[in-house]
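Protein chains in written order, with UniProt numbering: chain C, 1 to 316; chain Z, 1 to 149; chain F, 1 to 498.
Data first, discussion second: the structure below is written as structure tokens.
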Amino acid sequence: MTIKATFTGFAAALALATPALADYPERTIELTIPAGAGGGTDTSARKLALLLEEKLGTSIAVLNVSGGGGSVGASQFMQAAPDGYSLFATWNSPLTTVPQVQDVAYSLDSFTPIASTSETAYTLCVKADFPATTGEEFLAELDANPGKYTYGNDGIGGTMQLAAERIFQAKGIEAVAIPFGGAGETLQNFLGGHVDIYGGSISTVLPYVESGEAKCPLVTSAADVPALEGASGLAALGLADKETLLWRAILGPKGMDPAIVAKLADTIEEAVNDPSYVEFLATKGEVPNVVKGDALGARLHSEFDALAEVSKGLGL
Amino acid sequence: MEKRQDIVTGLLFAGLGIAAAWMATGYKGASGIYPMTLGLILTLLGALVALKAVRSGRNETRALVDAPAQMITASVVAALYVAAVVPFGFFTASFLVMLAMPFALGFRKPLYALIVALAFVALVYLVFSVLLEKPLPREAVLSLMARGG
Amino acid sequence: MEFYTNALTSVLAWGPLGAMIGATLLGVLIGALPGLNPVMAIALLLPLTYSMDPLIALGMVAGIYNGSMYGGAIPAILLRIPGTPASIATTFDGFPMADRGEASKALKIACWSSAIGGIASAIALMTMGPLLARLTLFFGPAEYFWIAIFGMASVGVMVGSDPVKGIMAAVLGLLIGTMGIDNLSGQARFTFGQTWLLGGLDLVVVLVGLYALPPVLQLAEKRDLVGLSSGQLKLKSAPFEKGEIRGLIPTWLRSSGIGILVGILPGAGGNIAAFLSYNAARNASDDPASFGKGNPQGVAAAECGNNADNAASMIPALSLGIPGNVVAALVLSALTIHGLQPGPQLFHQNPILVGGFMMEMLITSVLIFALGGMVATRVFAQFQRLPGVLLVPSILILMCVGVYVINGRMVDLWVMLAAGLAGYFLEKVNVPLAPVILGMILGPMAEQSVRRALLISRGDATELLTRPLSAALAVMTLLVILWPIAKSLQRRRKAKPV
Numbered sequence: 001m002t003i004k005a006t007f008t009g010f011a012a013a014l015a016l017a018t019p020a021l022a023d024y025p026e027r028t029i030e031l032t033i034p035a036g037a038g039g040g041t042d043t044s045a046r047k048l049a050l051l052l053e054e055k056l057g058t059s060i061a062v063l064n065v066s067g068g069g070g071s072v073g074a075s076q077f078m079q080a081a082p083d084g085y086s087l088f089a090t091w092n093s094p095l096t097t098v099p100q101v102q103d104v105a106y107s108l109d110s111f112t113p114i115a116s117t118s119e120t121a122y123t124l125c126v127k128a129d130f131p132a133t134t135g136e137e138f139l140a141e142l143d144a145n146p147g148k149y150t151y152g153n154d155g156i157g158g159t160m161q162l163a164a165e166r167i168f169q170a171k172g173i174e175a176v177a178i179p180f181g182g183a184g185e186t187l188q189n190f191l192g193g194h195v196d197i198y199g200g201s202i203s204t205v206l207p208y209v210e211s212g213e214a215k216c217p218l219v220t221s222a223a224d225v226p227a228l229e230g231a232s233g234l235a236a237l238g239l240a241d242k243e244t245l246l247w248r249a250i251l252g253p254k255g256m257d258p259a260i261v262a263k264l265a266d267t268i269e270e271a272v273n274d275p276s277y278v279e280f281l282a283t284k285g286e287v288p289n290v291v292k293g294d295a296l297g298a299r300l301h302s303e304f305d306a307l308a309e310v311s312k313g314l315g316l
Numbered sequence: 001m002e003k004r005q006d007i008v009t010g011l012l013f014a015g016l017g018i019a020a021a022w023m024a025t026g027y028k029g030a031s032g033i034y035p036m037t038l039g040l041i042l043t044l045l046g047a048l049v050a051l052k053a054v055r056s057g058r059n060e061t062r063a064l065v066d067a068p069a070q071m072i073t074a075s076v077v078a079a080l081y082v083a084a085v086v087p088f089g090f091f092t093a094s095f096l097v098m099l100a101m102p103f104a105l106g107f108r109k110p111l112y113a114l115i116v117a118l119a120f121v122a123l124v125y126l127v128f129s130v131l132l133e134k135p136l137p138r139e140a141v142l143s144l145m146a147r148g149g
Numbered sequence: 001m002e003f004y005t006n007a008l009t010s011v012l013a014w015g016p017l018g019a020m021i022g023a024t025l026l027g028v029l030i031g032a033l034p035g036l037n038p039v040m041a042i043a044l045l046l047p048l049t050y051s052m053d054p055l056i057a058l059g060m061v062a063g064i065y066n067g068s069m070y071g072g073a074i075p076a077i078l079l080r081i082p083g084t085p086a087s088i089a090t091t092f093d094g095f096p097m098a099d100r101g102e103a104s105k106a107l108k109i110a111c112w113s114s115a116i117g118g119i120a121s122a123i124a125l126m127t128m129g130p131l132l133a134r135l136t137l138f139f140g141p142a143e144y145f146w147i148a149i150f151g152m153a154s155v156g157v158m159v160g161s162d163p164v165k166g167i168m169a170a171v172l173g174l175l176i177g178t179m180g181i182d183n184l185s186g187q188a189r190f191t192f193g194q195t196w197l198l199g200g201l202d203l204v205v206v207l208v209g210l211y212a213l214p215p216v217l218q219l220a221e222k223r224d225l226v227g228l229s230s231g232q233l234k235l236k237s238a239p240f241e242k243g244e245i246r247g248l249i250p251t252w253l254r255s256s257g258i259g260i261l262v263g264i265l266p267g268a269g270g271n272i273a274a275f276l277s278y279n280a281a282r283n284a285s286d287d288p289a290s291f292g293k294g295n296p297q298g299v300a301a302a303e304c305g306n307n308a309d310n311a312a313s314m315i316p317a318l319s320l321g322i323p324g325n326v327v328a329a330l331v332l333s334a335l336t337i338h339g340l341q342p343g344p345q346l347f348h349q350n351p352i353l354v355g356g357f358m359m360e361m362l363i364t365s366v367l368i369f370a371l372g373g374m375v376a377t378r379v380f381a382q383f384q385r386l387p388g389v390l391l392v393p394s395i396l397i398l399m400c401v402g403v404y405v406i407n408g409r410m411v412d413l414w415v416m417l418a419a420g421l422a423g424y425f426l427e428k429v430n431v432p433l434a435p436v437i438l439g440m441i442l443g444p445m446a447e448q449s450v451r452r453a454l455l456i457s458r459g460d461a462t463e464l465l466t467r468p469l470s471a472a473l474a475v476m477t478l479l480v481i482l483w484p485i486a487k488s489l490q491r492r493r494k495a496k497p498v
């Protein structure tokens, strides 16, 4: 630990002497977001960009490149110059989930991990009259009725579906996945009774839990989520190792100057922990979570391997 | 004229339909059925258009292009412009096409064209780069100047 | 009532009012430039709301949104280039009107219709929001499938002289709509190994090419070296004649209703609303043949329909927390930034903010009356003073910059040029272009919802018809297809005895 810290410090000090870092950033940074405007990734990245502009003293231009569940933006970004002026604000799915189901031109090694920013769990919710309330009852009910229940998710082979299937596989449960275009669409079909189970982000369904129309027996994080009182975390069900989260990060193209990476990672950490950003994240049911540099790379790799196993089990 | 055009159009669409249907056979399950059906319908409709044209006695003249020289000039200049956007930078290329296109089409008032070009490119710069902050292909002139200085 | 009077007083301060006026003007400009769309401007604006008075920020959103829906009509009428996908239907009758010298009348009708559609929609949002929102929940995948088919039936009005070619164009559009990753299976279709095609062809890229390049090439062919003189250009004021307004009222009512209904359904947008209202106006008319040849009713129907979609699209967003389109999603995230939780309780959490935003949707619609015509004549018509050969590169540059900034990649420009050349020749051989776009819009909706419906019913296709709402929609679709046929038969029978 200390050796590594000393080394990073040394590398940073060495790099400080080179002009590349001293001047950085001297012009506009282009931030690619692999999703359309208005979604969760887009709004959190744009809000963060405002804080980074202030802290870096440069302007940041945002480019939305949507399509293919994020793979279009990732492939396009991969070709950018690793000079620190092209950054990529993404959620984990295009990196760890999409490559399981699509033939993509990039791999985890096509990027330089800089820092993660925030995370949140997915949840599975049912209508108030569903014959199960706790996480345990819920899984037992699904187990007892294989193929009876439908659950909405964010798209085939998406992180949400894999998060759910990871749990279902561990318990030998069979439920019918109905892919929708996003949490909003899933919510609409859930409230209208077109699907039995809502699967998606917490903040979207939260008002209906508070009004008593829906109840959420399960979240996909190991720990419980304070906002959803009745929901069991996976640890309580003995499935702590099946945790799958939705998290966001900022990356660069392969081969960036480590000194610039370190500077960006520190600035991002500062920005994420800014009280205004923490407050903003709270409105979306997310919490700050900063993992920097190589540790982020390790996190990406381990998630990738775990999800590869799940999707193989699904035959995707 | 009209007859031949319709036959070619019909055959082109039919060919497109066949190609699409053939490609769709490689798609798994439900993802393939729909585009394959569409491809086959397109083939049928294309064939119908061609057949109708063959059987139709009427054959009115219908020019495909009214003024081929200008149409081709404009298309070629447009293509050159798009090709020039990356090497020259967006605003440089736009400024050049504002001068080149009217000239190629026979406009011979260079000063008029120059003023309009400058005003228009400035307007586009204000809207897209200043107001909307959209990144556009970088200007080659700027990097040249940077290297010189 | 108190809810709205309180909101009204806070909206009518200088800040929000100035923001609304400025943003409405900006919105008209954005809508009028092909390729530029309100989403870009609003996405840029919203992060600023954190440090800004939210009513000012939301006022700007409302102005840009409403203004741009009308702005699309200006180039649609003057140049036959739709500024937004929603103004395609406006070109059908708007351009023929302009062609016979009635550009100012067409613009005026577009302006009034947009404003009226917007006002009707805002009133629906203010009075019936939560009620209508609950209605949308009855629409599941099976119902969405029928709505897409219902929309597809309106292809009948745009097929032109040769129905086979029209349907062929629509099928081509449907095929283009299948390109990219299939959301239901992860299968990549027609991507030719190109990663940028995984997201499919962008509707706006194809639209700009297909619709804007042919007029540009035709302008080049005309080789106009002089431009219109200021005398020719002066758009005469075109006062409504006696009875003209009364004649448009039924169209406005019908199109507002359609626009609002389409608006409240998440996922169905202004472009579908415009096509459906245009189709409905034609079916209701005593003289359907005059549509497409410069019938003012056609302009009124299309423009009223696409603006009536706007405020209504906020209904599911505000009352359920389900954003129906990107603008609604952006507004939702702006509200959450201010600590509001979208959903059933939203109206009680911060009545000033929510009520204020609804008021702003209403006021900016009224502003279109005052500002819309002025922008159209003072700014855009002046462009036509330039010699045609200078307009050619100007429009080309606007097309390119607009298309480039969507995804920031050059290949889209080539797609646009290719689509444009294809469009140029297709029109020459009488293959209409509108069905291609309609297919691209409705195809994915139809395919995905029918497959979802079948997944839910475990493959039982009868469920597409046995649910009461989907059965009703299926019958309506059938009626819309049969109505014009029945009408023309009736006319023929009437004509015979003489």
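From the three backbone atoms N, C-alpha and C, an ideal C-beta is built for every residue, glycine too.
The C-beta of R467/F has 16 or more other C-beta atoms within 10 Å across all chains shown, which makes the residue buried. Y151/C: member of the beta strand (DSSP E) spanning T150 to N153, first to last residue. Straight-line spacing of the CA atoms in I167/F and A273/F works out to 20 Å. Three or more beta-carbon pairs drawn from the stretch 54-70 of chain F and the stretch 9-25 of chain F are found closer than 8 Å, and the two stretches are therefore classed as touching.
For F111/C, the beta-bridge partners assigned by DSSP are P253/C.
Residue V379/F holds the alpha-carbon nearest to the alpha-carbon of L78/F among A453/F, K428/F, V379/F and V401/F. Between the stretch 142-151 of chain C and the stretch 104-116 of chain C, the count of C-beta pairs closer than 8 Å stays below three; the two stretches do not touch. Around the beta carbon of I33/Z, fewer than 16 other beta carbons lie within 10 angstroms, which makes this residue exposed.
Chain F has no Cβ within less than 8 Å of the Cβ of G313/C. In this structure, L31/C sits near V62/C, with a CB-CB distance shorter than 8 Å. The Cβ atoms of V195/C and I258/F lie no closer than 8 Å to each other. Between the alpha carbons of K127/C and G193/C lies a gap of roughly 9 Å. At a cut-off of 8 Å between C-beta atoms, P323/F counts as an interface residue with respect to chain C. Between L105/Z and chain F, the shortest Cβ-Cβ separation is below 8 Å. The continuous alpha helix (DSSP H) containing T364/F extends over residues P351 to V375. At a beta-carbon threshold of 8 Å, the residues of chain Z lying near E221/F are V65, D66, A67, Q70, M71 and A74, ordered along the chain.
A contact between stretches requires three or more CB pairs, one per stretch, nearer than 8 Å, and the stretch 107-127 of chain C meets this requirement with the stretch 251-265 of chain C.
Chain order gives the chain Z residues near E30/C as P135, where near means a beta carbon separation below 9 Å. Taking a Cβ-Cβ threshold of 7 Å, the residues of chain F close to L132/Z are M40, A41 and L44, in chain order.
In this structure the stretch 195-212 of chain F does not touch the stretch 81-95 of chain C; the number of beta carbon pairs closer than 8 Å is below three. When P387/F, I441/F and V164/F are compared, the shortest CA-CA separation from R223/F is found for P387/F.
When secondary structure is reduced to three states using DSSP, K215/C falls in the strand class. Look at the stretch 390-407 of chain F: the residues with a C-beta under 8 Å from a C-beta of chain Z are L390, V392, P393, S394, L396, I397, L398, C400, V401, Y404 and V405. Under the DSSP assignment, A89/C falls in the beta strand (DSSP E) whose first and last residues are S86 to W91. For S185/F, at least one C-beta of chain Z is nearer than 8 Å to its own C-beta. Nearest to P323/F by C-alpha distance, out of W247/C, G67/C, A183/C and L191/C, is A183/C.
8 Å or more divides the Cβ of S59/C from the Cβ of A35/C.
The distance from the Cβ of I197/C to that of Y149/C is about 6 Å, consistent with a contact at the 8 Å cut-off. Here DSSP, grouped into helix, strand and coil, assigns T73/Z to helix.
Using beta-carbon distances, D182/F counts as an interface residue toward chain Z, with a partner under 8 Å. The beta carbon of K284/C falls within 8 Å of a beta carbon belonging to chain F, placing the residue at that interface. Cβ contact annotation for S10/F (same chain, cutoff 7 Å, sequence separation greater than five): L55, I352 and G356, in chain order. In terms of Cβ geometry, A148/F and E463/F do not form a close pair [threshold 8 Å]. Boundaries of the beta strand (DSSP E) harbouring S201/C: I197 to S201, taken from the DSSP string.
When DSSP assignments are scanned along the stretch 100-152 of chain F, the uninterrupted stretches of alpha helix (DSSP H) that are 4 or more residues long and fall wholly within it turn out to be 103-136. At a cut-off of 8 Å between C-beta atoms, V116/Z counts as an interface residue with respect to chain F.
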